[in-house]
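Chains Y and W, in that order, give the protein sequences. Sequential numbering from 1 applies to the first sequence in the numbering used here. Sequential numbering from 116 applies to the second sequence in the numbering used here.
There are 2 protein chains.
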Amino acid sequence: MSYSSSQLNATFAALADPTRRAILTRLAQGDASVNELAFPFAMSQPAISKHIKVLEHAGLISRTRESQRRPCRIEAKPLGVATEWLEQYRQFWEGNFLRLDDLLDEMKAPRPNQP
Amino acid sequence: MSYSSSQLNATFAALADPTRRAILTRLAQGDASVNELAFPFAMSQPAISKHIKVLEHAGLISRTRESQRRPCRIEAKPLGVATEWLEQYRQFWEGNFLRLDDLLDEMKAPRPNQP
DNA sequence: GTGGTATATAATCAGTGGGTTATATAACCA
DNA sequence: TGGTTATATAACCCACTGATTATATACCAC
Numbered sequence: 001m002s003y004s005s006s007q008l009n010a011t012f013a014a015l016a017d018p019t020r021r022a023i024l025t026r027l028a029q030g031d032a033s034v035n036e037l038a039f040p041f042a043m044s045q046p047a048i049s050k051h052i053k054v055l056e057h058a059g060l061i062s063r064t065r066e067s068q069r070r071p072c073r074i075e076a077k078p079l080g081v082a083t084e085w086l087e088q089y090r091q092f093w094e095g096n097f098l099r100l101d102d103l104l105d106e107m108k109a110p111r112p113n114q115p
Numbered sequence: 116m117s118y119s120s121s122q123l124n125a126t127f128a129a130l131a132d133p134t135r136r137a138i139l140t141r142l143a144q145g146d147a148s149v150n151e152l153a154f155p156f157a158m159s160q161p162a163i164s165k166h167i168k169v170l171e172h173a174g175l176i177s178r179t180r181e182s183q184r185r186p187c188r189i190e191a192k193p194l195g196v197a198t199e200w201l202e203q204y205r206q207f208w209e210g211n212f213l214r215l216d217d218l219l220d221e222m223k224a225p226r227p228n229q230p
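If you want it as structure tokens, here you go:
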């Protein structure tokens with residue numbers, strides 16, 4: 001399995017901002033226009049448009065046209081790729097893992113779990 | 116379930132850099148010193164030290180002392196938190212989901228999947 | 001056409017990020 | 001004590017980010 005580095009860069013960078021994460025959370029409920037997305041935030045409309053552009057550039061949302069509105073839709077594939085990358089490390093927070101150097105220590109020791 | 120926003124900020128920001136992701140990948144194999152981590156990169160030692168500081172500040176690694184060396188160890192908990200956050204969206208890339216507005220369209224339409 | 005609404009773009013600004021080189025600190029060794 | 005190794009810190013540079021305000025564009029309705 002091989003991950004496109006620049007795609008992961010863009011995805012994680014997009015997710016690093018709480019406004020953008022909130023926008024994605026909102027879009028998980030259904031498509032929304034720029035103004036609808038901007039409403040909950042104490043932030044100007046151009047600021048939201050910039051965040052949307054970042055999300056779009058990372059492939060996390062797509063946009064259509066609907067008269068004057070440009071509704072946003074969540075596009076989950078890059079989220080899946082990012083999750084896959086993180087899944088590599090699942091063993092590390094689930095406890096059932098053995099690091100290489102722990103293994104070597106164990107092999108060197110007369111018996112495991114002994115000082 | 117509630118996620119600490121600032122922790123997610125730090126985690127995703129740390130993961131947005133390919134050098135830092137490579138450092139984590141290396142540390143998944145076992146603990147390593149700064150120089151060992153720096154070796155594969157065409158980058159100065161202070162640059163690597165800065166990346167390490169970012170990872171440490173995000174709680175993704177911990178450090179011990181071993182004579183002159185300051186070995187790094189992967190700390191997976193924040194990776195788990197980030198993965199949990201992303202898992203919220205799993206339904207979106209696995210296909211078996213229905214957006215609220217799709218549902219409404221379907222209810223309005225005489226029959227589903229009809230133009 | 002005019003006017004209103006929705007969104008995008010331009011210009012600007014302060015702050016941050018990722019890199020550099022040079023230097024300082026800390027621990028070991030002879 | 002002096003020398004070597006490992007790492008951290010300081011000072012600096014340039015590019016990028018996230019915000020602003022002001023203005024432009026696109027579409028609709030009358």
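We treat Cβ as the ideally placed atom computed from N, Cα and C, and that holds for glycine.
- Per the coordinates, the alpha-carbon of Y:Asp31 lies some 9 Å from the alpha-carbon of Y:Arg63.
- Identification of chain Y residues near W:Leu130 by a Cβ-Cβ cut-off of 7 Å yields Phe12, ordered along the chain.
- Neighbours of Y:Ala76 in chain W, taken as residues at a C-beta separation under 9 Å, are given in chain order as Tyr204, Arg205, Gln206, Phe207, Trp208, Glu209, Phe212.
- Using a Cβ-Cβ cut-off of 7 Å, W:Gly174 is close to nothing in chain Y; its nearest Cβ partner there is about 12 Å away.
- One thing to note: W:Ala153 has its Cβ no nearer than 8 Å to the Cβ of W:Gln144.
- Listed along chain Y are Leu86, each with a C-beta nearer than 7 Å to that of W:Ala197.
- Chain Y has no Cβ within less than 8 Å of the Cβ of W:Pro155.
- Contact check for Y:Arg21 against W:Leu123 passes: the beta carbons are separated by less than 8 Å.
- Contact annotation for Y:Arg63 against chain W: no contact, minimum CB-CB distance about 15 Å [criterion: below 9 Å].
- Listed in chain order, the alpha helix (DSSP H) elements of length 4 or more contained wholly in the segment 125 to 198 of chain W are 133 to 142, 149 to 153, 160 to 172.
- About 19 Å separates the Cβ atoms of W:Leu194 and Y:Leu24, ruling out a contact at the 8 Å cut-off.
- Interface flag for W:Ser159 against chain Y is unset, since no Cβ pair is found closer than 8 Å.
- Collapsing the DSSP output to three states places W:Gln203 in coil.
- W:Lys168 and W:Ala128 have their alpha carbons spaced roughly 13 Å apart.
- The three-state secondary structure of Y:Ser6, taken from DSSP, is helix.
- Chain order gives the chain Y residues near W:Asn124 as Ala16, Asp17, Pro18, where near means a beta carbon separation below 8 Å.
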